[in-house]
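What follows is a set of notes on a single structure, which appears directly below.
In this note's numbering, the protein residues as written are 19 to 416.
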């Protein structure tokens, strides 16, 4: 048995691997440079180009790029009509923005439990939490696996709810042959550095609904309208004239960011393919290790994973999750945990939320950690991650 690095043994690798990392090349940098030296570094043509590319890739009719996915979720909740007294159902096993978007609009997040095998929100739990105040569902494609979209669509149609897909993890995934972005009423994307494609920070809302699209455009930029044909009052005095037609925000993406996004989108197929290769290697390596539980994938989802999560069966190990996590770090494989259940946070506690609301999510959280997954990983890097996991399991196995 190999001695663990945390106990004085030799680490499996000399330099640290992290759970996620962007892949920005000289080609990307050149695209950004062109924009920096052009006439427009914001409110220019690259934003339009990025939106067009997102529509072409996903099959959505409309795309509105914004500053980040949190802004995207805020706008989607606002367009869905969330206001004081309204409820928005989401999962607790997500980044806090999936729930906070309801609070931004004066509404209330309601947490439905997850499927303990897939870690995605359980449609039966969604339906069990619907009240006369429910107005929307934010269903999160956790790790990149698409939610049970048909069932959620059915529930939303039955109860007249807006279906918002939080696809921060899942650009490049598809459901029954339909690309993420073309499935829900509104779909929110993230372009954070650890995501499949990046523009530093950035997000988007995709929709097939023209009314939603026009509201998203207004809300993105202060509620301002410049189009004379859409003015609520006149006359249109000249090209300088605009109207504020609603209370909006400044959530505009710059052309600098959009130029990087366009360059990254040209490479998305290769990024997705490499992620799938790595996931296949991990799945094969861990399938026969009883101490490791692997997230199950539904057959309807052709998944491009943003995260690869292992769940420790702590009943079969002589360690805590923290001890396993620290042992991985000592082997120079830095993991992360996604996510602390949202309603466990002090702020949510101050709003009256308590532990125990979603037993499946809480149980899964206690054993999960995310191991490195990004296209720049070499096969040797992936082998090192697998080696580290197996080494630590062997040392802590009961």
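Just so it is clear, CB atoms sit at the ideal spot from N, CA and C, and this is done for glycine as well.
Spatial neighbours of residue i in its chain, beta-carbon cut-off 6 Å, leaving aside the 5 residues before and after
{"i": "residue 80", "result": "225 and 231"}
{"i": "residue 254", "result": "246"}
{"i": "residue 252", "result": "none"}
{"i": "residue 212", "result": "38"}
{"i": "residue 354", "result": "37 and 388"}
{"i": "residue 180", "result": "98, 154 and 203"}
{"i": "residue 321", "result": "162, 163, 191 and 315"}
{"i": "residue 197", "result": "76 and 77"}
Inter-residue CB distance, residue i and residue j (contact presumed, cutoff 8 Å)
{"i": "residue 76", "j": "residue 199", "result": "3 Å"}
{"i": "residue 324", "j": "residue 161", "result": "6 Å"}
{"i": "residue 376", "j": "residue 113", "result": "With a Cβ gap of about 16 Å, residue 376 and residue 113 do not count as contacting."}
{"i": "residue 302", "j": "residue 330", "result": "Their Cβ separation, rounded to whole angstroms, is 19 Å, which puts residue 302 and residue 330 out of contact at 8 Å."}
{"i": "residue 351", "j": "residue 406", "result": "5 Å"}
{"i": "residue 100", "j": "residue 125", "result": "4 Å"}
{"i": "residue 158", "j": "residue 116", "result": "5 Å"}
{"i": "residue 35", "j": "residue 345", "result": "Actually they do not touch by this definition, with Cβ atoms about 14 Å apart."}
{"i": "residue 78", "j": "residue 95", "result": "Incorrect: roughly 18 Å between the Cβ atoms, too far for contact."}
Alpha-carbon spacing of residue i relative to residue j, whole angstroms
{"i": "residue 73", "j": "residue 234", "result": "15 Å"}
{"i": "residue 140", "j": "residue 132", "result": "5 Å"}
{"i": "residue 24", "j": "residue 349", "result": "7 Å"}
{"i": "residue 300", "j": "residue 208", "result": "25 Å"}
{"i": "residue 386", "j": "residue 356", "result": "8 Å"}
{"i": "residue 203", "j": "residue 175", "result": "11 Å"}
{"i": "residue 256", "j": "residue 62", "result": "20 Å"}
{"i": "residue 333", "j": "residue 223", "result": "42 Å"}
{"i": "residue 118", "j": "residue 127", "result": "7 Å"}
{"i": "residue 343", "j": "residue 395", "result": "20 Å"}
{"i": "residue 410", "j": "residue 358", "result": "24 Å"}
{"i": "residue 183", "j": "residue 26", "result": "46 Å"}
{"i": "residue 185", "j": "residue 40", "result": "18 Å"}
{"i": "residue 311", "j": "residue 336", "result": "16 Å"}
{"i": "residue 122", "j": "residue 149", "result": "20 Å"}
{"i": "residue 340", "j": "residue 53", "result": "45 Å"}
{"i": "residue 372", "j": "residue 189", "result": "33 Å"}
{"i": "residue 205", "j": "residue 57", "result": "31 Å"}
{"i": "residue 147", "j": "residue 362", "result": "19 Å"}
{"i": "residue 304", "j": "residue 327", "result": "11 Å"}
{"i": "residue 382", "j": "residue 55", "result": "49 Å"}
{"i": "residue 221", "j": "residue 384", "result": "30 Å"}
{"i": "residue 210", "j": "residue 109", "result": "21 Å"}
{"i": "residue 43", "j": "residue 177", "result": "47 Å"}
{"i": "residue 104", "j": "residue 298", "result": "42 Å"}
{"i": "residue 408", "j": "residue 306", "result": "11 Å"}
{"i": "residue 15", "j": "residue 290", "result": "Residue 15 is absent from the structure shown; the chain starts at 19 and stops at 416."}
{"i": "residue 391", "j": "residue 317", "result": "21 Å"}
{"i": "residue 248", "j": "residue 229", "result": "13 Å"}
{"i": "residue 374", "j": "residue 138", "result": "18 Å"}
{"i": "residue 91", "j": "residue 380", "result": "24 Å"}
Close-in-space but distant-in-sequence residues of the same chain around residue i (CB under 8 Å, 5 per side omitted)
{"i": "residue 280", "result": "49, 64, 67, 68 and 71"}
{"i": "residue 242", "result": "236, 260, 261, 262, 263 and 266"}
{"i": "residue 314", "result": "135 and 136"}
{"i": "residue 378", "result": "131, 132, 133, 134 and 140"}
{"i": "residue 102", "result": "124 and 125"}
{"i": "residue 173", "result": "141, 144, 145, 148, 155 and 179"}
{"i": "residue 240", "result": "262, 266, 267 and 268"}
Residues near residue i in its chain [Cβ-Cβ closer than 7 Å; skip 5 each side]
{"i": "residue 319", "result": "163, 164, 191 and 193"}
{"i": "residue 143", "result": "130 and 131"}
{"i": "residue 269", "result": "84, 85, 89, 93 and 238"}
{"i": "residue 250", "result": "261 and 263"}
{"i": "residue 413", "result": "19 and 22"}
{"i": "residue 46", "result": "278, 281 and 282"}
{"i": "residue 201", "result": "167, 183 and 193"}
{"i": "residue 272", "result": "59 and 60"}
{"i": "residue 244", "result": "260"}
{"i": "residue 227", "result": "203"}
{"i": "residue 416", "result": "334, 335 and 336"}
{"i": "residue 187", "result": "159, 160, 161, 162, 324 and 325"}
Cβ-heavy atom distance, residue i to the ligand GTP, below 6 Å
{"i": "residue 89", "result": "As for the ligand GTP, it is missing from this structure, which has no ligand bound."}
Contact with chain B by residue i, beta-carbon distance below 7 Å
{"i": "residue 232", "result": "Among the protein chains of the structure shown there is no chain B, as only one such chain exists."}
Query raised in the report: Does the region 26-34 come close enough to the region 399-415 to have 3 or more Cβ pairs within less than 8 Å?
Result: yes
Query raised in the report: Any chance the region 164-172 sits against the region 181-199, with 3 or more Cβ pairs inside 8 Å?
Result: yes
Report task. Give, in chain order, every unbroken run of the alpha helix (DSSP H) that is at least 4 residues long and sits entirely within the region 309-379. Result -> 339-348 and 364-368, all fully within the region 309-379.
Requested in this report: Inspect the CB distances between the region 286-301 and the region 359-369 and report whether three or more fall short of 8 Å.
Outcome: Result no; under three Cβ-Cβ pairs closer than 8 Å.
Query raised in the report: Is the region 259-277 in contact with the region 203-218, if contact means three or more CB pairs nearer than 8 Å?
Result: At 8 Å Cβ cutoff, the stretches touch.
Query raised in the report: Do the region 141-156 and the region 281-291 meet, that is, are 3 or more Cβ pairs less than 8 Å apart?
Result: no
**Report entry** Contiguous alpha helix (DSSP H) assignments of at least 4 residues, all confined to the region 77-159
**Finding:** 87-97, 115-122 and 141-146
Query raised in the report: Taking the runs of the beta strand (DSSP E) that are 3 residues or longer, which of them lie wholly in the region 225-307?
Result: none
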